Structures are given as structure tokens and as C-alpha cells.
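Numbering (the working numbering), first residue to last: 420 to 767.
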């Protein structure tokens, strides 16, 4: 910060003072306070000039000429991010949303093959394939409602544990047995529902705040990508009018088993590349070393990790879910949104 920059900052603030009190000379008011050594107004609040001097001299937040909605000078300090590492971190989390896309649409492609293998007629195929598809979607809804119960133990831990459970659930769907497929799809959907809570929470607590709008779309992007992958993998299945080929086909297990890849990558990368919980979660738990470790990865090497940590500490709260399952379903404030979302998912 040069003397010229500081003088410009002082000028902006003095101009603001002039607009707020036209009957008092801003120069005189500032001079009087400086002579008296005052740094606060009549209410004991730190005045704008004192704030500007302290912040700019200390190398903290920079005071800009912009005003907030309240008409006061706006302070802002955006720390540069390591975009490549941040995108990779987002991808690791996003694999849970890819699995959610598979839970929602995966059975649509395999339905004709499943019908042929079980020998169902048209009415039976509609009924049983609807049950299989609904099992997964009902599991997603259940997992989304229960996710808030698990994430206080750790967002990363939650993702790892439920990826293990989802792998077991996928294994159940590998057997040509209707009850096992339905149960497996339900628990697989439940795990995906938890991913849809823990993943975005971990991302939100780690991405620099000025990039939230850019990375906030990742959840829906990866979910849509999962749906698209399920459709593309459907090309491996036989044509719909070749009944014998459908009976002999084994590629339906490729579609049901694709999530194994996402599960393996998620567990491995969280174990060896990102072994830390989210930044805000670590700060709330007092794990400064873990928070600094992740800060060094997702922020630019040019930035001071200690300064970033101090800044985040000033505005970080515990961040655990305050809405219980019963509140989400029954409380007047939440129940309408919950049941509308449930209905839309069920009839999707």
C-alpha cells in the first residue's frame, strides 16, 4: 500500500462523510478526531477512517470505493484459489452426485433386459420395473432426509463410509433376484441421498466464498452427468426387439456395477490425496493444522495460509445441521418444501 493509495482511501471515506453530514466540514471533523486521538463515534463505533487506516496499514482487507447496500465503504479481500486443485477436489466430491444420477435413471436402460430375463409379461414388467426404480428414488429421498444426522461426524468421513455401504448395496443388485435387486437399489439410493447432503456441504465449507457462484453448480452438473452416463452405457445393451439377445445379455451388470468405479476413486482419493475434513468444519472443531493443510491445497501458493485461516476463523460457525428429520417432515416451516420435493422425486 503506497502513500498515494492510502490518501485515495482517505479521500473516499471523507467524501462519504461529507454526504452523510453536509453541515459539518469533513476535513474539520477528521482533524478534530485526529487531534483528540479519537477513533470512534459517539456510540463507541470505530469510525471509517480508523478502520481504513488499520486495515490498509495491517495488510488486511482493502477498502474500495464501492459502497454496500447500507451506504458504507465496502471492505473486501478475495484470496486467490488454486483453480486446478480446487476443480480436482470438486470432482472427487462430485462422484457422489454422479452416483445419484445413476440411482435416479440407471434402471431405465436395463428395464427391457430385466423383463426378458424374468420372463414378465407387459403388465408385470411395468409393475416390477416401477418398483425397482422407485426403490432407488425412495432411498435417495430417505438418505437426503437422514444426511443431516451423519454429517456432524465429518463430511469426508461420511462420504467414505457411505461409499463403502453403497458398494455393498450395488453388490446385492448383481444377483438376478427381484427382492435383492429392490433392497440393493433402495440402500444404494439411500447412500446417494447422503452424498447429496455431505458433498455439497463439504464443498461449500472449502471453496473460497467469492467462487461459490462458480462452483455452486457442481452438484447439479455432476448429477446430470451421471444421468447422461447411464444413458450412454445403455448402448451396450441389446436392441429392444431381440428377445433372445436380452435373455443372454450380461451387460446389464455393467450398468448396475458402474458405481464401483466412482466408489473406488472416491475412497482412494479421500484417503491419500485429500485426507482432511472441510476447512470450516476443521476450524469449528479447533483442528487448525488440518484446516491449514487443506487451505494450502485449494488456495494459491502466493497466499499466506495463516492469514486465510485468521480471516475464515472470524466468520466461521459450527455449521452443523439444525433441522431434524421430524422437523423437515412435520414442522410448518419446512414440511411443504419437504413433501413437494418428495413427491417430485417419487413421480420423476
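Backbone N, C-alpha and C fix where the C-beta goes; we use that ideal spot for every residue, glycine too. The structure presented is a predicted model; accordingly, all values stated were derived computationally and were not measured.
Contact set for residue i: own chain, Cβ-Cβ below 6 Å, skip 5 residues either direction
{"i": "residue 619", "result": "638"}
{"i": "residue 671", "result": "529, 532"}
{"i": "residue 455", "result": "Because residue 455 sits at a pLDDT of 44, beneath the cut-off of 50, its placement in the model cannot be relied upon, and the following sentence gives the value as read from the coordinates. Excluding positions up to five away in sequence, the list is empty."}
{"i": "residue 658", "result": "none"}
{"i": "residue 548", "result": "530"}
{"i": "residue 505", "result": "717"}
{"i": "residue 524", "result": "646, 649"}
{"i": "residue 599", "result": "591"}
{"i": "residue 641", "result": "513, 516, 517"}
{"i": "residue 497", "result": "629"}
{"i": "residue 554", "result": "601, 604, 605"}
{"i": "residue 695", "result": "709, 712, 713"}
{"i": "residue 653", "result": "528"}
{"i": "residue 581", "result": "610, 613"}
{"i": "residue 631", "result": "none"}
Terminal residues of the alpha helix (DSSP H) in which residue i lies
{"i": "residue 639", "result": "637–652"}
{"i": "residue 612", "result": "597–623"}
{"i": "residue 729", "result": "724–732"}
{"i": "residue 677", "result": "Per DSSP, residue 677 belongs to no alpha helix (DSSP H) and is neither H nor E."}
{"i": "residue 561", "result": "541–569"}
{"i": "residue 697", "result": "Per DSSP, residue 697 belongs to no alpha helix (DSSP H) and is neither H nor E."}
{"i": "residue 772", "result": "Because the chain here runs from 420 to 767, residue 772 falls outside it and cannot be looked at."}
{"i": "residue 398", "result": "This structure leaves residue 398 out entirely; the chain is present only between 420 and 767."}
Same chain, Cβ closer than 8 Å to residue i, neighbours up to 5 away in sequence not counted
{"i": "residue 749", "result": "none"}
{"i": "residue 728", "result": "702, 707, 710, 711, 714"}
{"i": "residue 725", "result": "711"}
{"i": "residue 656", "result": "528, 529, 531, 532, 665, 668, 670, 671, 674"}
{"i": "residue 573", "result": "696, 700"}
{"i": "residue 501", "result": "716, 717, 718, 719, 720"}
{"i": "residue 583", "result": "682, 686"}
Beta-ladder partner(s) of residue i, from DSSP
{"i": "residue 500", "result": "718"}
Identity of the residue in the options nearest residue i by Cα
{"i": "residue 559", "options": "659, 688, 520, 504", "result": "520"}
{"i": "residue 665", "options": "513, 537, 569", "result": "537"}
{"i": "residue 687", "options": "504, 714, 656, 579", "result": "579"}
{"i": "residue 565", "options": "684, 615, 555", "result": "615"}
{"i": "residue 592", "options": "754, 610, 675, 545", "result": "675"}
{"i": "residue 576", "options": "718, 685, 745", "result": "685"}
{"i": "residue 678", "options": "629, 611, 690", "result": "611"}
{"i": "residue 689", "options": "509, 496, 497", "result": "509"}
{"i": "residue 608", "options": "570, 526, 541, 499", "result": "526"}
{"i": "residue 587", "options": "654, 683, 745, 722", "result": "683"}
{"i": "residue 663", "options": "546, 534, 568", "result": "534"}
{"i": "residue 546", "options": "597, 745, 625, 699", "result": "597"}
{"i": "residue 697", "options": "626, 632, 673", "result": "626"}
{"i": "residue 651", "options": "589, 719, 673, 584", "result": "673"}
{"i": "residue 589", "options": "745, 734, 570, 522", "result": "522"}
{"i": "residue 570", "options": "699, 634, 502", "result": "699"}
{"i": "residue 503", "options": "704, 734, 720, 745", "result": "720"}
{"i": "residue 734", "options": "500, 624, 561, 499", "result": "624"}
{"i": "residue 731", "options": "542, 705, 751", "result": "705"}
Chain-order list of residues whose beta-carbon lies under 7 Å from that of residue i (same chain, five-residue window excluded)
{"i": "residue 595", "result": "536"}
{"i": "residue 754", "result": "748"}
{"i": "residue 512", "result": "618, 621, 622"}
{"i": "residue 602", "result": "591"}
{"i": "residue 758", "result": "none"}
{"i": "residue 681", "result": "514, 517, 518"}
{"i": "residue 644", "result": "517, 520"}
{"i": "residue 563", "result": "612, 615, 616"}
{"i": "residue 561", "result": "609, 612"}
Residue i beta carbon near the ligand HEM (any heavy atom closer than 7 Å)
{"i": "residue 503", "result": "Only the bare structure without any ligand can be found here, which leaves the ligand HEM out of the picture."}
Unbroken stretches of the alpha helix (DSSP H), 4 residues or longer, contained in the segment 574–599:
As far as the segment 574–599 is concerned, its whole alpha helix (DSSP H) runs of at least 4 residues are 574–591.
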